[in-house]
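Numbering (our numbering), first residue to last: 33 to 378.
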């Protein structure tokens with residue numbers, strides 16, 4: 033049972049596994065507080081992520097890591113629309129799979145596929161960071177021009193396969209989360225997703241191992257550097273590594289556990305929160321730790337007059353223009369001194 037089956041059968045779920053009894057269509061479990069949180073936080077994260085995505089699209093930078101970040105931002109925005117915005121609306125309404133089976137089925141397929149595609153992108157980003165700190169890293173060949181082209185194609189194919197040809201996750205308002213089992217009283221073993229289990233185990237082990245290697249290399253291999261710039265860069269990379277690895281690994285492990293074992297409600301909510309923030313933490317990292325993207329977002333959103341008023345001259349070109357203007361004003365006082373200062377700036 034997959035999205036491909038739905039499309040080829042007039043958007044009718046497979047009756048033996050997904051036909052809901054009439055009694056369940058009238059049962060609603062409203063979760064106002066959780067729904068409000070997921071809806072508002074999801075909208076905020078999407079609003080924060082959108083300008084970062086626009087900046088990356090407009091950028092002329094096409095290095096492999098940047099292309100992976102661009103594809104990952106698409107996966108993250110799709111996932112946030114499912115695990116946050118749609119989850120919040122369904123929680124507030126108290127509706128589950130049996131109330132809107134076609135809509136929830138399609139949304140679950142997109143959410144699961146985007147999660148699995150995003151996992152591949154996260155592994156590639158971790159590999160790229162390891163290559164940056166160690167040029168002899170064995171997986172560095174993945175980012176060679178001829179090889180990387182096929183890597184990107186395989187990642188998109190994997191995302192498409194996960195969306196269209198695998199079992200989707202389905203929303204259950206009682207637990208405010210998404211499960212493969214629609215909880216309509218049938219045998220849970222029929223709904224297990226082996227591909228999702230393998231994906232989660234691989235991404236949790238791979239990202240954890242790669243980021244441990246990255247942190248070890250930064251701390252012990254270049255840890256004795258006296259460069260303040262290198263120290264700050266190293267600190268930011270380790271912070272990003274810990275944050276990204278933690279959310280992805282915890283979300284992956286919890287959702288594997290939830291698929292095969294009975295889970296308490298608090299663990300299910302933690303799993304849903306980690307899934308949300310495994311996607312949302314990237315835009316927060318971009319806006320707080322990535323100076324290039326943050327400056328570009330400020331330049332795109334904040335009008336030039338306001339930036340000039342509060343001295344927010346983001347970018348070397350504006351800084352030089354402002355400095356050049358100040359130098360011209362001082363030319364009347366001392367032309368020679370002004371030329372010397374401009375020469376130093378350049």
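C-beta: ideal position from N, C-alpha, C; glycine also.
Quick caveat: nothing in here was measured; it's all calculated off a predicted structure.
If you ignore the 5 residues before and after residue 306, its C-beta comes within less than 6 Å of the C-beta of 279, 282 and 283, all in its own chain and listed in chain order. Distances from the CA of residue 72 to each of 161, 327 and 118 were compared; the closest alpha carbon is that of 118. Unbroken alpha helix (DSSP H) stretches of 4 residues or longer found wholly inside the segment 196 to 252: 226 to 248, given in chain order.
Going by DSSP, residue 327 is part of the alpha helix (DSSP H) stretching over 323 to 333. Look at residue 166 here: in three-state DSSP terms it is coil, with no helix or strand label. By the Cβ-count criterion, residue 332 is exposed, with fewer than 16 other Cβ atoms from all chains shown falling within 10 Å of its own Cβ. A direct Cα-Cα distance of roughly 7 Å separates residue 209 from residue 300.
The alpha-carbon separation between residue 321 and residue 290 amounts to approximately 33 Å. Residue state for residue 126 is assigned as coil, using DSSP reduced to three classes. The criterion of a C-beta distance shorter than 7 Å is not satisfied by residue 233 and residue 136. Around the beta carbon of residue 177, fewer than 16 other beta carbons lie within 10 angstroms, which makes this residue exposed. Of the candidates 179, 76, 337 and 124, 124 places its Cα closest to the Cα of residue 62. In the DSSP annotation of this structure, residue 57 is not part of any alpha helix (DSSP H), being labelled neither H nor E.
Considering only 338, 334 and 324, the residue with the shortest C-alpha distance to residue 91 is 324. For the set 212, 109 and 99, the Cα lying nearest the Cα of residue 157 is the one of 99.
Residue environment analysis places residue 67 among the buried positions, since at least 16 neighbouring C-beta atoms fall within 10 angstroms of its C-beta. Remark: C-beta atoms of residue 311 and residue 111 approach each other more closely than 7 Å. Non-local beta-carbon contacts of residue 96 in its own chain, meaning distances under 6 Å to residues more than five positions away in sequence, involve 175 and 180 in chain order. For the pair residue 64 and residue 115, the Cα-to-Cα distance works out to about 16 Å. DSSP, reduced to helix, strand and coil, places residue 93 outside both helices and strands of the structure shown, so it counts as coil. When C-alpha distances from residue 286 are compared across 275, 276 and 298, the shortest belongs to 298. Closest option to residue 86, judged by alpha-carbon separation, among 160, 103 and 33: 103.
Cβ neighbours of residue 229 within its own chain (closer than 6 Å, five residues either side excluded): 288. Restricting attention to 303, 160, 163 and 188, the CA atom closest to the CA of residue 149 is found in 188. Under the three-state reduction of DSSP, residue 68 is assigned to helix. Contact check for residue 205 and residue 60: beta-carbon distance about 7 Å, within the 8 Å limit, so the pair qualifies.
Counting the other Cβ atoms within 10 Å of the Cβ of residue 144 gives 16 or more, which makes it buried. About 19 Å separates the CB atoms of residue 236 and residue 198; that is not less than 8 Å, and the two are not in contact.
Counting along the chain, residue 340 sits inside the alpha helix (DSSP H) bounded by residues 336 to 341. Nearest to residue 190 by C-alpha distance, out of 70, 168 and 151, is 151. In this structure residue 217 is exposed. Its beta-carbon is surrounded by fewer than 16 other beta-carbon atoms within 10 angstroms. Short of 6 Å from the beta carbon of residue 133, and not among the five residues preceding or following it, lie these beta carbons of its own chain, in chain order: 45.
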